[in-house]
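Undergrad:
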Amino acid sequence: MELRRTPLYPMHLKYDGNMIDFGGWELPVEYKATGILAEHHQVRRKAGLFDVSHMGEVDIRGEQAGAFVQELVTNDISTLKENQVCYSPMCYPDGGCVDDLLVYKHSRDHYFLVINAANTDKDFAWMQEHKIPGVTLENVSSRYAELALQGPLAEGILQSICDTDLKEINYYWFRPRVKVAGIDCLISRTGYTGEDGFELFTSPDRACDLWEAILEAGKGAVLPIGLGARDTLRFEAKMPLYGHELDKGITPLEAHLDRFVRLDKPSFIGKEALARQKEKGPERLLVEFEMTGRGIPRAHYEAQKNGQNIGWVTSGGYAPTLGKNLGLALVKSEYAKPGEEIDIIIRNKPVKARTGQGLFYRRPK
Amino acid sequence: MEIKANLYYSDDHEWVRVEGDLAYIGITDYAQHHLGDIVFVELPEIGGEFAAGDTIGVIESVKAVADMHTPVSGTITAVNEALEEAPETLNKDPYGQHIAVLKMSNPDELKKLMTGEQYTAYCEQAEE
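These protein sequence lines map, in sequence, to chains A and B. Its first residue numbered 1, the first sequence is counted upward by one per residue in the working numbering. Its first residue numbered 366, the second sequence is counted upward by one per residue in the working numbering.
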């Protein structure tokens, strides 16, 4: 199958990206001049620019738009203000996840959803299936390019070419119709790296101009960053990734996302199953662990206790900023407490690990 | 991409430097480049006997896990233990950092390996 390309494809060639097939998209895993580790440190220390145009976007409009989204997602969007963003899982009736997404509220009759690239078609079909009167849905994914500018220097760089005071955009808020280097954008203070930063949505035909304008404005402080570092950054900051920490067969409660599951809402898809699970306590839970033996934990490796299977690694790897081999594992609840000695099976051999809490990266305030 | 003239090369992008009946084995510049940032090396045990093509260790980069094979048969007489603490030196100096040393049991196997010139052509083809 022919790979899909984002509007920023010419930039990946120009900046010498190492292109890979990422779920059907031709995207850079890293740039040849830097590589994953250098790109990771660049974002933690300075700033990095990502092409995340593969993400899906859905416009939800109409009198009943709010009621519809409220039924679709597990978080409570009724208290969301105009220009505010919220994160939420979206569940099946059995509590498993269809996806996790961001809800942008433009107005009471217009919401904008940002969903995972690989789930775009599935999510849109799910939404259409549950559509109610007074709502129109549109998959507008191809109408937007999305760039992420992340890192401690992101604000200063963007401010130098932006017509809006970025200090006025707080964490998980956005502004539509902002001009960046004269290019019309929607800017939110959101991201997937554990750093301060912004995500910018713009028209595909201006995407390359915006990319170049940001790199020029941040010359010496910003570099293009590939998907490899996007994954190490999100993992090190313990941000969930659909298909790993969340999935069709994993509920948000098992992934410890309780604060995004508002069982006090009157109704939403999956509420009954999740309320039952909350009451009984999940049989499996996500737990942090650090390798104490020599080895790197990887997704899907088995976790054991005294030779017995207790679950599997959802994400794992070398955490570059912390310099440790860390993992997240979905294990039987009795082992999901800190200080538990467990084994991770690496190439058929048990390697020692210890569960913990607060092992992952948190941005210094 | 650097390729040294005085070494033997395998299809799996390993190099062999011969000193008497000892074979020093490492990974090529091409291999380290394609793996990306190397963060973990698992070395074979000294005394271990291996046939040509066997897996003798593992090299892990941030994103990938790769088996390390021996291009020749023999017994491990030494390993480069410094790599356990500093695996990234494989990225910086792939030809200066051997992974293991084998006492060859069948030096004739060297004839099946590629010369630097052949390996250069092999890599160019792989890139197409």
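Cβ atoms here follow ideal geometry from the backbone N, Cα and C, with glycine treated the same way. Note that the structure is a prediction, hence the values are computed from the model and not measured.
Take residue 419(B) and list the residues in its own chain whose beta-carbon comes closer than 7 Å to its own, dropping the five residues that flank it on each side.
TA: Counting only Cβ-Cβ distances below 7 Å, and skipping sequence neighbours, we find 434 and 435.
Undergrad: Between residue 225(A) and residue 479(B), what straight-line distance do the alpha-carbon atoms span, to the nearest angstrom?
TA: Rounded to whole angstroms, residue 225(A) to residue 479(B) spans 37 Å at the Cα level.
Undergrad: Within its chain, find whatever has a CB closer than 6 Å to the CB of residue 331(A); leave out the 5 residues flanking it on each side and keep chain order.
TA: Result list for residue 331(A): 287, 303, 310 and 311, in chain order.
Undergrad: Any idea what DSSP makes of residue 420(B), helix, strand or coil?
TA: Looking at residue 420(B) - three-state DSSP - the assignment turns out to be strand.
Undergrad: Identify whether residue 57(A) lies in helix, strand or coil by the three-state DSSP scheme.
TA: Residue 57(A) falls in the strand class under three-state DSSP.
Undergrad: Would you say residue 36(A) faces chain B, with C-beta separation under 7 Å as the test?
TA: Interface residue, yes.
Undergrad: Using the C-alpha atoms, what's the distance from residue 28(A) back to residue 490(B)?
TA: Roughly 22 Å between the two C-alpha positions.
Undergrad: Check whether the Cβ of residue 420(B) sits closer than 6 Å to any heavy atom of the ligand FAD, and report yes or no.
TA: The ligand FAD is not part of the structure shown, which contains no ligands of any sort.
Undergrad: Would you kindly report the start and end of the unbroken alpha helix (DSSP H) that includes residue 138(A)?
TA: Here residue 138(A) belongs to no alpha helix (DSSP H); instead the beta strand (DSSP E) covers 136-139.
Undergrad: Report the partner residues of residue 308(A) according to the DSSP bridge assignment.
TA: Per DSSP, 305(A).
Undergrad: For residue 341(A), name the three-state secondary structure that DSSP assigns.
TA: Three-state result, residue 341(A): strand.
Undergrad: Quick one: grab the DSSP three-state call for residue 84(A).
TA: Residue state, collapsed to three classes: strand.
Undergrad: Would you check if the segment 178-189 of chain A and the segment 11-22 of chain A touch, i.e. whether three or more CB-CB distances between them fall below 8 Å?
TA: No, the segment 11-22 of chain A does not touch the segment 178-189 of chain A.
Undergrad: How big is the Cα-Cα spacing for residue 441(B) and residue 270(A)?
TA: Looking at the two C-alpha atoms, the distance is approximately 58 Å.
Undergrad: So the alpha helix (DSSP H) residue 19(A) belongs to, where does it begin and stop?
TA: Not the alpha helix (DSSP H): residue 19(A) falls in the beta strand (DSSP E), residues 17-22.
Undergrad: Evaluate contact between the segment 72-92 of chain A and the segment 29-49 of chain A, counting only Cβ atoms and requiring at least three cross-stretch pairs below 8 Å.
TA: Segments in contact, no.
Undergrad: Classify residue 325(A) as helix, strand or coil using the three-state DSSP reduction.
TA: Three-state DSSP puts residue 325(A) in a strand.
Undergrad: Between the alpha carbons of residue 193(A) and residue 87(A), how many angstroms are there, rounded?
TA: Taking the straight line joining both Cα atoms gives about 15 Å.
Undergrad: Name the residues in the segment 226-254 of chain A whose C-beta lies less than 7 Å from a C-beta of chain B; which are they?
TA: Going along the segment 226-254 of chain A in chain order, one finds 228 and 232 with a Cβ nearer than 7 Å to chain B.
Undergrad: Can you tell me which of the three DSSP states residue 127(A) falls into?
TA: Of the three classes helix, strand and coil, the one that applies to residue 127(A) here is helix, per DSSP.
Undergrad: Could you list which residues in chain D have their beta carbon closer than 7 Å to that of residue 457(B), in chain order?
TA: Among the chains of the structure shown, chain D does not appear; the protein chains present are A and B.
Undergrad: What are the start and end residues of the beta strand (DSSP E) that includes residue 157(A)?
TA: Not the beta strand (DSSP E): residue 157(A) falls in the alpha helix (DSSP H), residues 154-159.
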